[in-house]
Amino acid sequence: MPATEMLPSSTPTTKRRPDHEGPLLEVEDLAVEFRTRDGVVHAVDGVSYHVDAGETLAILGESGSGKSVGAQAVMGLIDSPPGHITRGSIRYRGKDLLGLDEGARQRVRGRDIAMVFQDALSSLNPVFTVGDQIAEMYRVHEGASRADARRRAIDMMDRVHIPAATSRFDDYPHQFSGGMRQRIMIAMALSLGPDVLIADEPTTALDVTVQAQIMDLLAELQRESTMALVLITHDLGVVADVADRIAVMYAGRIVEHGPVIELYERPAHPYTQGLIDSIPRMDDDREELVPIAGAPPNLMKVPSGCSFHPRCPIARDECATDEPPLYAVWSGRESACHFWEEVVSSHD
Amino acid sequence: MGRYTARRLLQMLPVFIGTTFLIFALVFAIPGDPIRALAGDRPISPSTVATLREEYNLDDPLVVQYGKYMAGLVQGDFGKDYNGREVVDIMAHRFPVTIRLALVAFIFEILIGLVAGVVAALRRRSYLDTLVLVTTTAIVSIPTFVLGFTLQLLLGVKLGWFPIAGISQGWYSYLLPGFVLGALSLAYVARLTRTSLVENLRADYVRTATSKGLSRKRVVGRHALRNSLIPVVTYLGIDLGALMGGAIVTEGIFNLPGIGQQVFLSVRAQEGPVVVGIVTALVLVFIFANLAVDLLYGVLDPRIRYE
Numbered sequence: 069m070p071a072t073e074m075l076p077s078s079t080p081t082t083k084r085r086p087d088h089e090g091p092l093l094e095v096e097d098l099a100v101e102f103r104t105r106d107g108v109v110h111a112v113d114g115v116s117y118h119v120d121a122g123e124t125l126a127i128l129g130e131s132g133s134g135k136s137v138g139a140q141a142v143m144g145l146i147d148s149p150p151g152h153i154t155r156g157s158i159r160y161r162g163k164d165l166l167g168l169d170e171g172a173r174q175r176v177r178g179r180d181i182a183m184v185f186q187d188a189l190s191s192l193n194p195v196f197t198v199g200d201q202i203a204e205m206y207r208v209h210e211g212a213s214r215a216d217a218r219r220r221a222i223d224m225m226d227r228v229h230i231p232a233a234t235s236r237f238d239d240y241p242h243q244f245s246g247g248m249r250q251r252i253m254i255a256m257a258l259s260l261g262p263d264v265l266i267a268d269e270p271t272t273a274l275d276v277t278v279q280a281q282i283m284d285l286l287a288e289l290q291r292e293s294t295m296a297l298v299l300i301t302h303d304l305g306v307v308a309d310v311a312d313r314i315a316v317m318y319a320g321r322i323v324e325h326g327p328v329i330e331l332y333e334r335p336a337h338p339y340t341q342g343l344i345d346s347i348p349r350m351d352d353d354r355e356e357l358v359p360i361a362g363a364p365p366n367l368m369k370v371p372s373g374c375s376f377h378p379r380c381p382i383a384r385d386e387c388a389t390d391e392p393p394l395y396a397v398w399s400g401r402e403s404a405c406h407f408w409e410e411v412v413s414s415h416d
Numbered sequence: 139m140g141r142y143t144a145r146r147l148l149q150m151l152p153v154f155i156g157t158t159f160l161i162f163a164l165v166f167a168i169p170g171d172p173i174r175a176l177a178g179d180r181p182i183s184p185s186t187v188a189t190l191r192e193e194y195n196l197d198d199p200l201v202v203q204y205g206k207y208m209a210g211l212v213q214g215d216f217g218k219d220y221n222g223r224e225v226v227d228i229m230a231h232r233f234p235v236t237i238r239l240a241l242v243a244f245i246f247e248i249l250i251g252l253v254a255g256v257v258a259a260l261r262r263r264s265y266l267d268t269l270v271l272v273t274t275t276a277i278v279s280i281p282t283f284v285l286g287f288t289l290q291l292l293l294g295v296k297l298g299w300f301p302i303a304g305i306s307q308g309w310y311s312y313l314l315p316g317f318v319l320g321a322l323s324l325a326y327v328a329r330l331t332r333t334s335l336v337e338n339l340r341a342d343y344v345r346t347a348t349s350k351g352l353s354r355k356r357v358v359g360r361h362a363l364r365n366s367l368i369p370v371v372t373y374l375g376i377d378l379g380a381l382m383g384g385a386i387v388t389e390g391i392f393n394l395p396g397i398g399q400q401v402f403l404s405v406r407a408q409e410g411p412v413v414v415g416i417v418t419a420l421v422l423v424f425i426f427a428n429l430a431v432d433l434l435y436g437v438l439d440p441r442i443r444y445e
């Protein structure tokens, strides 16, 4: 199946474009800073990743690691001021989005790259019905008639398994449960059959059982198309089942990157190791979980050298002075740790 | 909604009785005898005084007078003034002037206030935003009578652009007084709109609207503004009642024969029935404007539902 093949029900034929060389979405050396009164916050500092059609990349990191800011930069949602993209490129189908004017950028949003946010209650407009907000996509982007947009919005609500979609079209966001609201968000984001979906903590605000349902839904919708999914989360448990690859972020940088199973079984960065050690497991015989010592750094004063060194159990003197590059551990795996070999070999 | 409306109507009853009784008591607490005031310096026969006092129930205790007044009121009888004119006729003559004045003021509020607020919010921290801030602060600080006399002198007397007083030039006569009357609320509307829009522009759902690929115009005009206007519309609704009642100073400055001026004249002439009648009518306007705003609120914001 070619990369541009999308769902026939929701994809206009005009969307087909010639294939290009390279990944579908490629972020390279992206840096975003916020110039505040108290100083400059380096939220994202030289992040690179790529995602291909049909693939799921999880970007994992704790609060303040820059994972959401990076995603908002891809969507062009950074408020400027105070936010500034200081370097790097974001290429979609080989075209640098940062070089586009606002009008061209706007045509990419929603249609080619769509986004789902964490809190569906605040992310949906409270004064419009959910059906209206989905139908708006067809009306604005494709000039669909009111009746046609309504019919297609109801189709979309069916596809994300909203029960009695026809009768719920005219309900307002606050009349839905948290899980159903997130389904509405997903329906809205996928309404035009985007090539890339960025899901920013899509399950964080939900109950655990509902979390699983939403992740299943995303996986199901992705199987039906060749959509690329960028899943941003702080939850290792959420990514394990759905992601193909994981990029671990710390203090605005990617510190480790690799296929999901390998990364779980043999982490090559002490931070990833720490994250894995801190999750409870069914086969656990430990009395207590092992936390990572210390707290994430203030992004206005990121530690010199390796930003993780003050919390790192294996840090040496050079960690405080030499900033580690992303070492190629082996094919498809990278780690920003001077002593990655030591970390990997500790699993043997 | 029906039950809510019924309950609100019932709640109006004690409010109405309480306010009207207060007005009644205050008016009759004014020192001096209204019948003597009616006659002025001329002598008046004791029998005439007695007849008039009898006719207007002036010798009854206050509560009994109030009871008789209310009994008439529920039958639509606002009573007569001391010259025998029906208070209803006086009001019918005066109210249209005040309503026109309030409408002109209201339109100024919406046109200038809303636009200034939206512009200030969209161009936050720009020179336009500062201009709106400074102007509205100035307007809020200047008392109505100072603004009224200044504009009357400047635009009416010196420049001759507007009529100085009276309503002989139709709607045109209402422009300047309408602006003066609406100026304070205009400033509030501008500030309220700005604050509300700035806040909503930062809301998550505005970010969502942008991520949907909508134009900036649509994101602001449809998504952010619709939410921002909820408090503004609420304020405007309540203010419409206030404009009707608050026109005493403005009508005085521009000599407009509206109810404000009538109240002023009637208080001076100790015409109790007229004062009570007009203020009672204004109380009703206020109460119903409030109810309308509360009901409108539920329409504007679907999260509010009345059970």
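These protein sequence lines map, in sequence, to chains A and B. Mapping of the first sequence onto the working numbering: residues 69 to 416, in sequence order. Mapping of the second sequence onto the working numbering: residues 139 to 445, in sequence order. We put the beta carbon where it would ideally sit given N, CA and C, even for glycine. In this text the structure is predicted, and so the values were computed from the model without any measurement.
Nearest to Gly316/B by alpha-carbon distance, out of Leu335/B, Ser349/B, Arg262/B, Leu394/B, is Leu394/B. Cβ contact annotation for Leu339/B (same chain, cutoff 6 Å, sequence separation greater than five): Ala362, in chain order. At least one CB of chain A lies nearer than 8 Å to the CB of Leu352/B.
DSSP places Ile360/A outside both helix and strand once states are collapsed to three, so it counts as coil. Using beta-carbon distances, Asn221/B does not count as an interface residue toward chain A, since no partner is under 8 Å. Using a CB distance cut-off of 8 Å, Ala230/B does not count as an interface residue toward chain A.
Taken in chain order, the complete alpha helix (DSSP H) segments of 4 or more residues contained in the region 81 to 160 of chain A are 135 to 143. Its Cα nearest to that of Tyr312/B, the residue Phe300/B stands out among Ile182/B, Leu322/B, Phe300/B. A contact between stretches requires three or more CB pairs, one per stretch, nearer than 8 Å, and the region 339 to 354 of chain B meets this requirement with the region 198 to 213 of chain A.
Remark: C-beta atoms of Ala141/A and Val176/A do not approach each other more closely than 8 Å. One alpha carbon belongs to Asp200/A, the other to Arg313/A, and they sit about 36 Å apart.
For Met350/A, there is no enclosing alpha helix (DSSP H), since its DSSP letter is neither H nor E. Proximity to Met183/A across Pro181/B, Arg345/B, Asp197/B peaks at Arg345/B, based on C-alpha coordinates. Between Met225/A and Ala255/A, the gap from beta carbon to beta carbon is short of 8 Å. Interface with chain A (8 Å Cβ-Cβ cutoff): Asp432/B is excluded.
Beta-bridge partners assigned by DSSP to Met317/A: Ile322/A. Between Leu374/B and Glu247/B the beta-carbon gap is near 7 Å, inside 8 Å, which marks them as a contact.
For Gly398/B against Val165/B, the beta-carbon gap comes to about 16 Å, at or over 8 Å, which does not count as contact. Of the other Cβ atoms in all chains shown, 16 or more fall within 10 Å of the Cβ of Lys135/A; this residue is therefore buried. Relative to the Cα of Val318/B, the nearest Cα in the group Tyr343/B, Leu271/B, Val387/B belongs to Val387/B. For Met183/A, the enclosing beta strand (DSSP E) covers residues 181 to 184. CA-CA distance, Val336/B to Asn365/B, rounds to 11 Å.
Counting along the chain, the unbroken alpha helix (DSSP H) around Arg364/B starts and ends at 363 to 383. The alpha-carbon of Leu200/B is positioned some 10 Å away from that of Ala167/B.
Rounded to whole angstroms, the Cβ separation of Val108/A and Met317/A is 19 Å, and the two are not in contact under 8 Å. In this structure, the straight-line span from the alpha carbon of Gly178/A to that of Ala257/A is close to 6 Å. As the crow flies, the alpha-carbon of Ile127/A is around 53 Å from that of Leu322/B. Neighbours of Leu274/A in chain B, taken as residues whose beta carbon is under 9 Å from its own, are absent, since the nearest beta carbon is some 16 Å off. Look at Tyr265/B: its C-beta is not under 8 Å from any C-beta on chain A. Contacts with chain A at 8 Å (Cβ-Cβ) include Ala347/B.
Looking at the backbone, the Cα of Leu274/A and that of Pro440/B are separated by about 24 Å. Residue contact with chain B for Gly178/A: present (Cβ-Cβ distance below 8 Å to some residue of chain B).
In this structure, the alpha-carbon of Ser375/A lies about 42 Å from that of Lys355/B.
For the set Gly251/B, Gly217/B, Tyr265/B, the Cα lying nearest the Cα of Leu330/B is the one of Gly251/B.
As computed with DSSP, Ile300/A is found in a beta bridge with Ile127/A, Asp268/A. At a cut-off of 8 Å between beta carbons, His152/A makes no contact with chain B.
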